[in-house]
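For reference, the structure discussed in these notes is given below.
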Amino acid sequence: MTQSPAVAFDGIGKTYFLPRLGRPLPLEAVRGVTFDVRRGEILGLLGLNGAGKTTLMKLMAGLLSPTSGSVRVLGSDPRDPESRRRTGFLPELPYFYPRYRPAEALAYYASLSGMDRSAAAPAVAAVMAKVGLAPHAGKRISEFSKGMMQRLGLAQALVHGPELVILDEPASGLDPIAIHDMRVLIAGLREEGRTVVLSSHSISELEKVADRVIMLSRGGVVSCVESSAWRGAEGGLEKIFMEAVR
Amino acid sequence: MTSFFSPALRVASHSLRLHLRDRFFGLFLLFSLLLIYSSLLVGVMAVYQERRALMDFGLALMELMGLAFCVYASATAVSSEVETKTIYLVFSRPVPRHSYLLGKMLAVFGAAAVLLAATAAMHSSLLLLRGHAPDGLYFAALGYSWLKLTLISSLVFAVSMFTTSALSSMVIGFILWMLGHFAPETVFMAAQAGGKGSLLEHLARLIPNFQLFNFKDALDVHGAAAPPFMALAYAAAWWAGSYGFAWALLRRKEF
Numbered sequence: 008m009t010q011s012p013a014v015a016f017d018g019i020g021k022t023y024f025l026p027r028l029g030r031p032l033p034l035e036a037v038r039g040v041t042f043d044v045r046r047g048e049i050l051g052l053l054g055l056n057g058a059g060k061t062t063l064m065k066l067m068a069g070l071l072s073p074t075s076g077s078v079r080v081l082g083s084d085p086r087d088p089e090s091r092r093r094t095g096f097l098p099e100l101p102y103f104y105p106r107y108r109p110a111e112a113l114a115y116y117a118s119l120s121g122m123d124r125s126a127a128a129p130a131v132a133a134v135m136a137k138v139g140l141a142p143h144a145g146k147r148i149s150e151f152s153k154g155m156m157q158r159l160g161l162a163q164a165l166v167h168g169p170e171l172v173i174l175d176e177p178a179s180g181l182d183p184i185a186i187h188d189m190r191v192l193i194a195g196l197r198e199e200g201r202t203v204v205l206s207s208h209s210i211s212e213l214e215k216v217a218d219r220v221i222m223l224s225r226g227g228v229v230s231c232v233e234s235s236a237w238r239g240a241e242g243g244l245e246k247i248f249m250e251a252v253r
Numbered sequence: 092m093t094s095f096f097s098p099a100l101r102v103a104s105h106s107l108r109l110h111l112r113d114r115f116f117g118l119f120l121l122f123s124l125l126l127i128y129s130s131l132l133v134g135v136m137a138v139y140q141e142r143r144a145l146m147d148f149g150l151a152l153m154e155l156m157g158l159a160f161c162v163y164a165s166a167t168a169v170s171s172e173v174e175t176k177t178i179y180l181v182f183s184r185p186v187p188r189h190s191y192l193l194g195k196m197l198a199v200f201g202a203a204a205v206l207l208a209a210t211a212a213m214h215s216s217l218l219l220l221r222g223h224a225p226d227g228l229y230f231a232a233l234g235y236s237w238l239k240l241t242l243i244s245s246l247v248f249a250v251s252m253f254t255t256s257a258l259s260s261m262v263i264g265f266i267l268w269m270l271g272h273f274a275p276e277t278v279f280m281a282a283q284a285g286g287k288g289s290l291l292e293h294l295a296r297l298i299p300n301f302q303l304f305n306f307k308d309a310l311d312v313h314g315a316a317a318p319p320f321m322a323l324a325y326a327a328a329w330w331a332g333s334y335g336f337a338w339a340l341l342r343r344k345e346f
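Sequence lines, in order, name chains A and B.
For what it's worth, my numbering labels the leading residue of the first sequence as 8, then goes sequentially.
For what it's worth, my numbering labels the leading residue of the second sequence as 92, then goes sequentially.
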């Protein structure tokens, strides 16, 4: 029996209404998007600024409601508490309370995910070791570098052991070594059997880690490409993307 | 029931810790310490009414410091999380919005209690230094002040759900505070202007009546404060109304 997809978008549309004097201004961020995310894969969302990547991620994380169409996450409505318990979300450029130490912040988010203290303590220690923050456990978050903040962001998305991990621009603002470390961590999630959806403007990063890439332009899907299509091909994923969006 | 209160208490516990670690909380405490001890001068000038002067000045100062903190904390409780996007980390988890809002409100109520307790300890030490021991009425006055502060906090929470900035929420909060101390007079003038039973009079009745909580007036002169149970029920009604209004707006918001 085939497993249901981790995420299923069916004709999804999302329109924002920007406040203006008189009538609100509609802004269509996403229209008619249909695709599935297979269980256990790393799916990349690639597109220019304003293509709709973050909107799709927020729809998956249950932060937004669609204007049209439907989205199912792990078989449920993403706004259901049970669905959110099984999902981890890393927003772009995450922020944490600067006076906290990392374990305090992670313990709080673990508790919000429904973990009691006895389960949260070892989970926090394990995820800090996994993302390489254990040596910095004694520091306050205000002393963290950009790379450490992103690691902490990834840690809060993983601390409760989610099946689906949604990462919005996880390599944003990182130096080359930090980008490499983040890529290794993300690839490791696939080895653990988790499903990962990540967005990026960086074609080279997605090329190295994704199993499949969905290309977005002006709120719509323009192409869906398996890794076999760009590996070994001249020009790689960049050439495919340029042809798709022009 | 557990799924409502459990996340609310977790949010409340975390938010209370943040309030107590906030540098503004420390600044309010320090400022209170300076003002309370400078009230020694007021007591000296009052000569034969030193106890009355120290009591009145001290209780009023504590309430004003509490007001400043509560309005600031309530106006920024949710808006700061929206600006920093930490709200994504909360709402992407199984935390119902009504539980989140309750937790945030409880945290401000708790921080107000801590601030009042700390400033009361400072003030009590000053009174003891001058040979005037605080009595049961003094602590009752503090309790009424706390109810007033929680009432204005709940109103500012509700206002912060539709204003575009924390500053405007704070300004509206201070205006409501001032109007609330003249609520019966405002209702009377509205009835005079618009006629008894008019829309204007009904709108004026929507202003909370803070005179019901002026227990400190009873310390030496009989005041207009309501009996304790009535004051608590009145405050609870405003908490519930403000919470309901704030939740009705928060549940429709997208971030």
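Every residue, glycine too, gets a C-beta built ideally from N, C-alpha and C.
Check	Outcome
Residues of the stretch 141-174 of chain A in Cβ contact with chain B at a cutoff of 9 Å, in chain order, please.	GLY160, GLN163, ALA164, HIS167 and ILE173
So the beta strand (DSSP E) LYS21 of chain A belongs to, where does it begin and stop?	14-25
Tell me which same chain residues have a C-beta within less than 8 Å of the C-beta of PHE182 of chain B, skipping the five on either side of it?	ARG188, TYR191 and PHE346
Does the CB of ALA178 of chain A have a neighbour CB from chain B at under 9 Å?	no
Over what stretch of residues does the beta strand (DSSP E) that includes PRO33 of chain A continue unbroken?	32-44
Where does ARG79 of chain A fall in DSSP's three states?	strand
Taking only the alpha-carbon atoms, compute the straight-line gap between LYS344 of chain B and SER256 of chain B and give it to the nearest angstrom.	15 Å
Helix, strand or coil: which one does DSSP assign to MET222 of chain A?	strand
So the candidates are B:ALA317, B:GLY271, B:ALA337 and B:ALA324; which of them puts its Cα closest to the Cα of ALA295 of chain B?	B:GLY271
Determine, using beta carbons only, whether TYR179 of chain B comes closer than 9 Å to chain A.	yes
Distance check for LEU119 of chain A and GLY154 of chain A, CA to CA, integer angstroms please.	25 Å
Do MET196 of chain B and PHE245 of chain B have their beta-carbon atoms positioned less than 9 Å apart in this structure?	This sequence places Ser at residue 245 of chain B; Phe is not what is there. Cβ distance < 9 Å, so SER245 of chain B and MET196 of chain B count as in contact.
Would THR210 of chain B and GLY157 of chain B be called neighbours here (beta carbons separated by less than 9 Å)?	yes
State the Cα-Cα distance for the pair PHE96 of chain A and ASP175 of chain A, rounded to the nearest angstrom.	8 Å
Within the chosen definition, does the stretch 187-203 of chain A reach the stretch 33-41 of chain A through at least 3 CB pairs nearer than 8 Å?	no
Can you find a CB in chain A that lies within less than 9 Å of the CB of ARG342 of chain B?	no
Which residues in chain A have a C-beta closer than 7 Å to the C-beta of PHE119 of chain B? List them in chain order.	Simply none; closest approach about 17 Å.
Against GLY69 of chain A, what residues of chain B qualify as contacts under a CB-to-CB distance less than 8 Å, listed in chain order?	PHE182 and SER183
Cβ of TYR116 of chain A within 9 Å of Cβ of THR175 of chain B?	no
Should ARG158 of chain A and ILE49 of chain A be called a contact, given that it needs their Cβ atoms to be closer than 9 Å?	no
Answer yes or no: does any C-beta atom of chain B fall closer than 9 Å to that of THR22 of chain A?	no
If the cut is a Cβ gap below 7 Å, which residues of chain A does VAL199 of chain B touch?	Here the premise fails: no neighbours, minimum Cβ distance about 16 Å.
I'd like to confirm the pairing. Which residues does DSSP put opposite VAL203 of chain A in its beta bridges?	A:ILE49 and A:VAL172
If you draw a straight line from the C-alpha of PRO185 of chain B to the C-alpha of ARG86 of chain A, how long is it?	8 Å
Find the nearest neighbour of ARG147 of chain A within the set A:GLU99, A:LEU113 and A:LEU161, judged by alpha-carbon distance.	A:LEU113
Just to confirm the assignment, what range does the alpha helix (DSSP H) spanning VAL131 of chain A have?	124-138
When you compare the CB of ARG79 of chain A with every CB in chain B, is at least one pair closer than 9 Å?	no
Is it true that the CB of ALA322 of chain B sits closer than 9 Å to the CB of PHE304 of chain B?	yes
By Cβ distance, which residues of its chain are closer than 8 Å to ALA159 of chain B, with the 5 residues on each side in sequence left out?	PHE119
When you compare only the Cα positions, how much space is there between ALA217 of chain A and GLY51 of chain A?	6 Å
Mind checking whether LEU258 of chain B and ALA166 of chain B have CB atoms under 9 Å apart?	yes
Looking at the unbroken beta strand (DSSP E) that takes in GLU233 of chain A, where does it start and where does it end?	227-233
If you draw a straight line from the alpha carbon of HIS105 of chain B to that of ARG79 of chain A, how long is it in whole angstroms?	32 Å
Along the stretch 316-338 of chain B, where does the CB come closer than 8 Å to a CB of chain A? Name the residues.	none
Would you tell me roughly how many angstroms separate the C-alpha atoms of PRO225 of chain B and PHE116 of chain B, rounded to the nearest one?	25 Å
Thinking LEU32 of chain A and THR22 of chain A are a contact (beta carbons under 8 Å), I'd like their distance in whole angstroms, please.	Contact doesn't hold; Cβ gap of about 10 Å is too wide.
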